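See structure below.
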Amino acid sequence: MSGKNPAVAQRHYWIDKPRNVLRIVRGLCVLGAVLFFTDALYEKHPHFSMDGWFGFYAIFGFVVCVSLVLLAKWLRTVLMRPEDYYDR
Amino acid sequence: MTADIHPGLLLLLGGLATPLLPRIARRIYVIALPLVGLWIAWHLDNGNHWALAAFGFELELFRVDRLATIFSTIFLIAAALGNLYAYADDDRLQATAAQVYAGAAISATYTGDLVSLFLFWELTAVASVFLIWARKTERAYRAGLRYLVVQVGSGVLLLCGLAIRAQATGSVAFGPIGLDGAGGVLIFLAFGIKCAFPFLHNWLQDAYPEATVSGAVILSAFTTKLAVYALARGFAGTEMLIWIGAAMAAFPIFYAVIENDLRRVLSYSLNNQLGFMVVGIGIGTELALNGTAAHAFTDILFKALLFMSMGAVLYRTGTANGTDLGGLYKTMPWTAGCCIVGAASISGFPLFSGFISKSMIIAAAAEGHHWIVWSVLLFASAGVFHHSGIKIPYFAFFAHDSGKRPPEAPWSMRTAMGITAALCIAIGIWPAPLYAILPYPVVFDPYTTAHVVNQLQLLLFSALAFTWLMRTGLYPPEMHAVNLDADVIYRRFIPRLTKAFIATFGPLDRTARRALVQSSQNFIVTIERIYGPTALGRTASVSQMVSWIVGLLAIYLALEFLSQP
Chain A
1 MSGKNPAVAQ
11 RHYWIDKPRN
21 VLRIVRGLCV
31 LGAVLFFTDA
41 LYEKHPHFSM
51 DGWFGFYAIF
61 GFVVCVSLVL
71 LAKWLRTVLM
81 RPEDYYDR
Chain B
1 MTADIHPGLL
11 LLLGGLATPL
21 LPRIARRIYV
31 IALPLVGLWI
41 AWHLDNGNHW
51 ALAAFGFELE
61 LFRVDRLATI
71 FSTIFLIAAA
81 LGNLYAYADD
91 DRLQATAAQV
101 YAGAAISATY
111 TGDLVSLFLF
121 WELTAVASVF
131 LIWARKTERA
141 YRAGLRYLVV
151 QVGSGVLLLC
161 GLAIRAQATG
171 SVAFGPIGLD
181 GAGGVLIFLA
191 FGIKCAFPFL
201 HNWLQDAYPE
211 ATVSGAVILS
221 AFTTKLAVYA
231 LARGFAGTEM
241 LIWIGAAMAA
251 FPIFYAVIEN
261 DLRRVLSYSL
271 NNQLGFMVVG
281 IGIGTELALN
291 GTAAHAFTDI
301 LFKALLFMSM
311 GAVLYRTGTA
321 NGTDLGGLYK
331 TMPWTAGCCI
341 VGAASISGFP
351 LFSGFISKSM
361 IIAAAAEGHH
371 WIVWSVLLFA
381 SAGVFHHSGI
391 KIPYFAFFAH
401 DSGKRPPEAP
411 WSMRTAMGIT
421 AALCIAIGIW
431 PAPLYAILPY
441 PVVFDPYTTA
451 HVVNQLQLLL
461 FSALAFTWLM
471 RTGLYPPEMH
481 AVNLDADVIY
491 RRFIPRLTKA
501 FIATFGPLDR
511 TARRALVQSS
521 QNFIVTIERI
531 YGPTALGRTA
541 SVSQMVSWIV
551 GLLAIYLALE
561 FLSQP
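Written as structure tokens, this is what we have:
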């Protein structure tokens, strides 16, 4: 729609620079490492056996998300149809 | 003092006056009405207020208890926020439909019998379809029709179920129902359709994204959560619900990952959040049912917030497709910020509302030693962060720059989003007031070290997974496409089968009919050849016909007389 504000279109934002995006990614990795090893610092009260493992939630989160996306990507080969599929 | 004013009927009947008001008054009226209702709802005494006898049954239109109050409270808040959001969308019909719809849903939470529940159940279906049709496109019209058929169908099942149940037990009271009789099963199915159980779910993802900008916000709050309320009332502790809920929490997230229309992604994630609530109902302990009620409360807010932010994007850019969006944070920072608050809430980040409600259900699953269900819910928590927490804000406001520079949302939308976001954060930081109104006393502390650390680990490593997949290019790109779901059965297979049936039997039928016409013509020709051209064309006068009939009757009488012993 409208709103083509040239000043906004020209402006450069901090996050536009690939260098800064890389900084965010590195920050996330550092934070992840810190959180992973936080498991050594508190007492766990597991309900089952696996949730008592060191770093269980971190590993679980990473593994299931990667599996989710790759499985969903494969599902596209089965489920995906052209956008006007139901209109034809 | 206010014991006789029914907040649901106030909104329903008060809403009927909406179209008569001039524009400015109308806009303020629809925001004030639910707030008045909220004030009344909070001053009601528990108990049955209006009982009346009709259709040979004792009807209870106004039963107030803790479960009814928490649902009517959040429905009234959602109605006020939705109406504020709709301020910019000036549509007389939509404003009226929204009040009737919300009023019917609130009235349904106060019903103490199945007959009145059925009436309000159907009214929510009929009123809400106008929020889809108000989009005024051919697509929306057809999606609305499909939606209406499914919703009214749910009501018909409810009616059959309650009739069978009334026959069997002599009662139409709306309390624990159970799956013992055929009536109970039908009622369960009726609730299941509105609650979007697997294979009965597709009306949701089909219709909500076709609704208007504000219509989707309002729709997201009521229908499905009314079904959650009804299940919690009628089927708490039904074990089958644990498995149904686990399936609901898991399968929609796969669709959410590959879906392009971001409002449809939100519909899938709505379905996934309902799964958590249904698991809670299935477990049926006090902690689990508290978790369900709390999660319904927080979900209505953060899901409305997410629909509001995507609605604002649609309102300003004319599209909600991930493929056509990106980089909008530059000109819509307020909307982007509110969207991120909604995303953090649905993902269950500590200090946001989802954290304090979802964790109750997961804890209840762990305490019940349902380890499979517990793992599925954990998977669903990580998955919801993936598709709602990251994908929605990322593809709309960041990702590749689409070059679109739309202006920020209108002030009314910004205000509605701001208040909703503030509520999401307030509940996350200070859950005590919400815990105080749950159906059972709460002995649960979400902010333990282990829980906070574990949740942060789960979410951060999900974010790392997203980052890794994105940067390596493994993440599936957004595409213009339709993904087949259960609706393919009634949108494709059944019409195809019908067409194939007609294609096969049509010619056969035509041949048979032609042969029949041909043979009767041949017959007429033969008769005429034998008896002359006037044999069949001759007409008889009325007096001739009457004398024939009189003659026949005389013979009949004589025979009757002769056959007497």
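Line by line, the protein sequences give chains A and B. Residue 40 in my numbering sits at position 40 of the first sequence, with consecutive numbering throughout. Residue 403 in my numbering sits at position 403 of the second sequence, with consecutive numbering throughout. Virtual Cβ for every residue (Gly too), placed ideally from N, Cα, C. Quantities reported herein were computed from a predicted structural model and do not represent experimental measurements.
Asked, Found
"Chain-ordered chain B contacts of G52 (chain A) [CB-CB under 7 angstroms]", "Under the 7 angstroms cutoff, chain B gives no residues; its nearest Cβ is about 10 angstroms from G52 (chain A)."
"Segment contact, 8 angstroms Cβ cut-off, at least three pairs: the region 256-263 of chain B with the region 469-479 of chain B", "yes"
"Which residues DSSP lists as bridging D261 (chain B), in chain order", "B:N321"
"Proximal residues of chain A, C-beta to C-beta of I258 (chain B) below 8 angstroms", "A72, K73, L75, R76, L79, M80"
"Close Cβ partners of V172 (chain B) (< 7 angstroms) along its chain, the five nearest in sequence each way excluded", "F57, D113, L114, V115, L162, A166"
"Extent of the continuous alpha helix (DSSP H) to which L231 (chain B) belongs", "213-234"
"Environment of D90 (chain B) [buried if 16+ CB atoms lie within 10 Å]", "exposed"
"Rounded C-alpha distance that separates G234 (chain B) from I70 (chain B)", "16 angstroms"
"Inter-residue CB distance, V64 (chain A) and L469 (chain B) (contact presumed, cutoff 8 angstroms)", "Not really, about 13 angstroms apart at Cβ, beyond 8 angstroms."
"Under 7 angstroms by beta carbon: chain A residues contacting Y208 (chain B)", "Here the premise fails: no neighbours, minimum Cβ distance about 16 angstroms."
"Cβ separation of L434 (chain B) and S381 (chain B), assumed to be a contact under 8 angstroms, to the nearest whole Å", "Not a contact, Cβ separation roughly 19 angstroms."
"Exposed unless 16 or more other CB atoms sit within 10 angstroms - verdict on A312 (chain B)", "buried"
"Pick from B:I253, B:V265, B:S402 that is closest to A72 (chain A), judged by C-alpha positions", "B:I253"
"Counted within 10 angstroms of its Cβ, other Cβ atoms place P82 (chain A) as buried (16 or more) or exposed", "exposed"
"Short Cβ contact (7 angstroms threshold) for F349 (chain B) with C424 (chain B)", "no"
"Any 3 or more C-beta pairs closer than 8 angstroms across the region 182-193 of chain B and the region 147-158 of chain B", "yes"
"Within chain A, partners of H386 (chain B) - CB distance below 8 angstroms", "C65, L68, V69"
"Continuous beta strand (DSSP E) stretch holding L59 (chain B): start and end", "57-60"
"Closer than 7 angstroms to chain A by CB, L262 (chain B)", "no"
"Under 9 angstroms from the C-beta of G32 (chain A): neighbouring residues of chain B", "Q457, L460, F461, A463, L464"
"Residue-chain proximity (H12 (chain A), chain B), Cβ-Cβ < 7 angstroms", "no"
"Cβ distance (whole Å) where T111 (chain B) is taken to contact F174 (chain B) below 8 angstroms", "6 angstroms"
"Chain B contact for F48 (chain A) (CB, 7 angstroms cutoff)", "yes"
"Bounding residues of the alpha helix (DSSP H) (the contiguous stretch that carries A98 (chain B))", "92-109"
"Test: A481 (chain B) CB closer than 7 angstroms to a CB of chain A", "yes"
"Check whether A288 (chain B) and A364 (chain B) have beta carbons under 7 angstroms apart", "yes"
"Of the residues B:V542, B:L559, B:E210, B:V265, the one placed nearest K136 (chain B), counting alpha carbons only", "B:E210"
"Below-7 angstroms beta-carbon distance, K17 (chain A) vs any chain B residue", "no"
"Nearest-angstrom beta carbon gap, N271 (chain B) and A196 (chain B) [assumed within contact, 8 angstroms]", "5 angstroms"
"Cβ-based burial, A140 (chain B) [other Cβ within 10 Å; buried from 16]", "buried"
"Residue of A:L28, A:R19, A:I15, A:W53 minimising C-alpha distance to N454 (chain B)", "A:W53"
"Backbone secondary structure at D299 (chain B) - three-state DSSP", "helix"
"M308 (chain B) and Y87 (chain B) closer than 7 angstroms at C-beta", "no"
"Assumed close pair F120 (chain B), A108 (chain B) - CB separation to whole angstroms, cut-off 8 angstroms", "4 angstroms"
"Residue(s) in a DSSP beta bridge with M360 (chain B)", "DSSP output for M360 (chain B) lists no bridge partner at all."
"Partners in chain B for A58 (chain A), counting only beta-carbon separations shorter than 7 angstroms", "Q457, F461"
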